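Asks: Residue numbers (our numbering): 43 to 106.
Using N, Cα and C, we set each Cβ at its ideal position, and we do this for glycine too.
For clarity, every value in this text was computed on a predicted model and none was experimentally measured.
Please read through the structure below; I'll follow up with questions.
See below:
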């Protein structure tokens with residue numbers, strides 16, 4: 043659960059920065075948010091969750 047919260051927070055920060063700095067229109071940000079909600083309720087949700095968890099695992103295995 044902590045990973046989901048931090049990923050959501052990171053994505054929120056990225057969207058806010060894109061809206062403020064890169065000219066992303068608020069309407070586009072809302073459309074992307076709604077797409078995320080619809081994908082979370084779709085049959086693709088388990089595959090997206092597995093992909094996210096695998097990528098997070100790969101990143102956590104990187105030794106600096």
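Short check: CB of residue 81 to CB of residue 87, under 8 Å?
Replies: yes
Asks: With respect to the alpha helix (DSSP H) encompassing residue 79, which residues constitute its N-terminal and C-terminal limits?
Replies: Start and end: 68-82.
Asks: Rank 48, 54 and 106 by C-alpha distance to the C-alpha of residue 71 and give the top, closest one.
Replies: 54
Asks: If you run the structure through DSSP and keep just helix, strand and coil, what is residue 92?
Replies: helix
Asks: DSSP three-state label for residue 65, please.
Replies: The answer is coil: DSSP assigns residue 65 none of H, G, I, E or B.
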